[in-house]
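Right, one structure below, let's go through it.
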Amino acid sequence: MNEPTQWMKKEYEDLVSKGFDWQPPVIQGPSSARSMINGKETVMLCSNNYLNLSTHPKVKKAAIEAIESHGVGSGSVRPIAGNMDIHNQLEETIARFKHRESALYFQTGFAVNSGLIPQLAGKNDGIISDQLNHGSIIDGVRLSGVKKDNRVVYGHNDMGELEDCLRKITKNCEKTLVITDGVFSMDGDIAPLDEITKLAKQYGAMTYVDDCHGEGVLAGGRGIGAHFGIEKDVDMESGSFSKAFGVVGGLVAGSEHMVKYAFNKSRTMLLSGSAPPATVASCKAAIEVLESEPQHVERLWNNTEYFRKEIQAMGFDTGVSETPIIPVMCGESHKAKTLSKELLNDGIFALPIVFPMVAPDKARIRVMMSAGLEREDLDAALSSFEKGGKSAGVI
Ligand SMILES: *Cc1c(COP(=O)(O)O)cnc(C)c1O
91 MNEPTQWMKK EYEDLVSKGF DWQPPVIQGP SSARSMINGK ETVMLCSNNY
141 LNLSTHPKVK KAAIEAIESH GVGSGSVRPI AGNMDIHNQL EETIARFKHR
191 ESALYFQTGF AVNSGLIPQL AGKNDGIISD QLNHGSIIDG VRLSGVKKDN
241 RVVYGHNDMG ELEDCLRKIT KNCEKTLVIT DGVFSMDGDI APLDEITKLA
291 KQYGAMTYVD DCHGEGVLAG GRGIGAHFGI EKDVDMESGS FSKAFGVVGG
341 LVAGSEHMVK YAFNKSRTML LSGSAPPATV ASCKAAIEVL ESEPQHVERL
391 WNNTEYFRKE IQAMGFDTGV SETPIIPVMC GESHKAKTLS KELLNDGIFA
441 LPIVFPMVAP DKARIRVMMS AGLEREDLDA ALSSFEKGGK SAGVI
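In my numbering, each residue carries its 1-based index in the sequence shown increased by 90.
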């Protein structure tokens, strides 16, 4: 008898044979600068917990208190019976923090992009997207009704190509949406959002920036809009609470009418249960900590500048990184994998990023800085990089 799911076993085994399967390490306890990983205390260099807020006492306390006052689940989707007072309070806090009229909180950043983008452009419209945009944006674009010819990609941060796309698409389409990551997660570079919004405005196009890696990081934590001083010029600013804020959740901020539309149209908002009280309360507390304790963002950037300077001085190439995402370029995949293994032997956890996530000759170790790292953690990592980099033939 033919077993109908046998093909999955085959495909999985194929992944394993190519070394493309994931074997995630087990984090035994909280995610922090030093974490217990597979039974060993390890310096964490690949979490998105930039500000180390996932263990901050005020953020934890908010979660515990919200469970006591509101329970563990919201009971429904937002539009029906899952709209609690704390959801509204969080959104007011986000809007204030972002200096925008209004904001909407989603279950995840992925749910923002996959739920809202399809509602922003339809069959007579166009979408223009940066070549290196995040997979959740790509999925959102795929779910839209935009015709294939009117979904175009411009070369990464290439403003000349963006203008060519704008000229062509705005001529053929009723509405046009330009969409970009704020900080690019593989290289740690920043989109020229000031130029993008200027060009888009010139052609009457809408702008959408996904600032998942910029929030809590750029401009004292306020993100890319504030970084360029153009907060009011971006039509949709989306983001995540799973990174610098140390919790989980997604957001979109902008005008009141955009937020009302997003609430009423995004299928991930309408058809998926709202976030639980503990999560909602800790997201609000994380923003408040960020506003009242500037030292976390300062420490993040001090660590970033120290690590980048020192690792470059050893002869490593960190590509175009301008943020706490620091790719340590290795060239071929096997070099990155070897180096990562050596680091782990020394108690340093930093993952290799290899083909197909990046080009075959652009394999790297992606280091992510955190405010929680002490100078001795960074020095331990640096000396392991130097030793491993030499034996792997990277430097
Ligand atoms: C992480 C990330 C997301 C997804 O955010 P989650 O809140 O983790 O679902 C979306 N876009 C970008 C650019 C990201 O880096």
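The beta carbon of each residue, even a glycine, is placed where N, CA and C say it ideally should be.
Around Ile320, the same chain offers Leu283, Asp284, Thr287 as residues with beta carbons nearer than 7 Å, after the five sequence neighbours per side are excluded. Between the beta-carbon of Asp215 and that of Cys263 there is about 5 Å, and that keeps the pair under the 8 Å contact cut.
Not a single heavy atom of ligand 1 lies less than 8 Å from the C-beta of Ser364. When DSSP states are grouped into helix, strand and coil, Val236 belongs to the coil group. Taking all protein chains shown into account, Ala403 has fewer than 16 neighbouring C-beta atoms within 10 Å of its C-beta and is therefore exposed. If the five residues before and after Leu360 are omitted, its C-beta is found closer than 7 Å to the C-beta atoms of Val167, Pro169, all from its own chain and listed in chain order. With 16 or more other Cβ atoms from the protein chains shown falling within 10 Å of its own Cβ, His224 counts as buried. Put simply, the backbone Cα of Glu383 is about 11 Å away from that of Leu141. Residue environment analysis places Phe110 among the exposed positions, since fewer than 16 neighbouring C-beta atoms fall within 10 angstroms of its C-beta.
The shortest CA-to-CA distance from Met458 to any of Gly479, Val448, Lys452, Pro417 is the one to Pro417.
Here Ile176 is buried: its Cβ has 16 or more other Cβ atoms, across all protein chains shown, within 10 Å. Per DSSP, the unbroken alpha helix (DSSP H) holding Asp467 starts and ends at 465 to 481. Going by DSSP, Ala343 is part of the beta strand (DSSP E) stretching over 340 to 344. Going by DSSP, Met404 is part of no beta strand (DSSP E) at all; its letter is neither H nor E. Per DSSP, reduced to three states, the secondary structure at Val133 is strand. The beta-bridge partner set that DSSP reports for Val106 is empty. Taking the Cα positions, Lys108 is about 45 Å away from Lys261.
Taking C-alpha positions only, Gln118 is separated from Lys130 by approximately 9 Å. If you ignore the 5 residues before and after Glu253, its C-beta comes within less than 7 Å of the C-beta of Leu289, all in its own chain and listed in chain order. For a cut-off of 8 Å, the C-beta gap from Asp220 to Tyr244 is around 6 Å, short enough to register as a contact. The beta-carbon separation of Gly336 and Asn139, rounded to 5 Å, stays under the 8 Å limit for a contact.
Secondary structure of Pro94 (DSSP, three-state): coil.
With fewer than 16 other beta carbons inside 10 angstroms of its own, Leu105 counts as exposed. By the CB criterion at 9 Å, Ile207 and Ile184 fall outside the cutoff.
Counting along the chain, Thr266 sits inside the beta strand (DSSP E) bounded by residues 266 to 271. Taken atom to atom, the span from the alpha-carbon of Glu400 to that of Gly315 is near 30 Å. Within its own chain, the residues whose Cβ lies closer than 6 Å to the Cβ of Ser192, once the five positions on either side in sequence are excluded, are Ala185, Glu346, Val349, listed in chain order. The three-state reading of DSSP puts Tyr293 in coil, since its state is none of H, G, I, E or B. Secondary structure note for Asp248: it is in no beta strand (DSSP E), with a DSSP letter that is neither H nor E. The segment 428 to 445 makes no contact with the segment 387 to 395: fewer than 3 CB pairs, one atom from each, lie closer than 8 Å.
Nearest neighbour of Ile269 by Cα position, chosen from Val299, Ala281, Gly294, Asp248, turns out to be Val299.
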